[in-house]
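Below: one structure, written as structure tokens.
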Amino acid sequence: MGIHREPIDPKYAGQYDKKVVVKHWLGKTILTAYPDMSKVVPSPAQLAKKSRFKQAVAYARSVISDPRQAAVYRTKVQANKSIYHAAIADFMRKDKGCQNGF
Numbered sequence: 001m002g003i004h005r006e007p008i009d010p011k012y013a014g015q016y017d018k019k020v021v022v023k024h025w026l027g028k029t030i031l032t033a034y035p036d037m038s039k040v041v042p043s044p045a046q047l048a049k050k051s052r053f054k055q056a057v058a059y060a061r062s063v064i065s066d067p068r069q070a071a072v073y074r075t076k077v078q079a080n081k082s083i084y085h086a087a088i089a090d091f092m093r094k095d096k097g098c099q100n101g102f
């Protein structure tokens with residue numbers, strides 16, 4: 001892991017070629033190796049949550065693509081908030097007994 005104390009533009013963050021990950025933390029830029037997840041076996045609970053989130057993303061995409069549903073969310077979401085993220089949150093709250101995420 002390398003730490004670079006000189007200012008680097010924050011737009012340079014994330015993974016590059018699945019070899020290096022650039023992070024910004026506490027005013028420093030950190031370079032790390034891309035994690036090797038090939039030997040990690042997810043638990044059944046992790047797989048279930050991953051599947052649930054995949055369904056939430058599909059729901060959010062359907063909300064964005066349907067003008068009526070998007071209009072409903074637009075009226076309930078603050079002006080600078082994302083309809084997409086609100087739809088994901090709404091979908092994820094359904095299992096917790098909430099009638100609506102708003």
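By the working numbering, the letter at position 31 of the sequence shown is numbered 31, and the numbering carries on one by one without gaps.
Each residue gets a CB set at the ideal place from its N, CA and C atoms; glycine is no exception.
*Three-state secondary structure (DSSP) of V72*: DSSP places V72 in helix when its eight states are reduced to three.
*Near D59, which residues of its chain fall below 7 Å by C-beta distance, leaving aside the five closest residues on each side in sequence?*
In the sequence under discussion, the amino acid at residue 59 is Tyr, which differs from the Asp named in the question. Here the set comprises A87, F91.
*Specify the secondary structure class of K23 as computed by DSSP and reduced to three states.*
K23: strand per DSSP, three-state reduction.
*asked:* What would DSSP say about Y84, mapped onto helix, strand or coil?
replied: Y84: helix per DSSP, three-state reduction.
*Could you tell me the distance, in whole angstroms, from the CA atom of V22 to the CA atom of A33?*
9 Å
*asked:* Using a Cβ-Cβ cutoff of less than 7 Å, which residues in the same chain neighbour Y84 once the five nearest sequence positions on both sides are dropped?
replied: A60, I64
*Please classify K28: does DSSP put it in a helix, a strand, or coil?*
strand
*Rounded C-alpha distance that separates K11 from H24*: C-alpha of K11 to C-alpha of H24: approximately 10 Å in a straight line.
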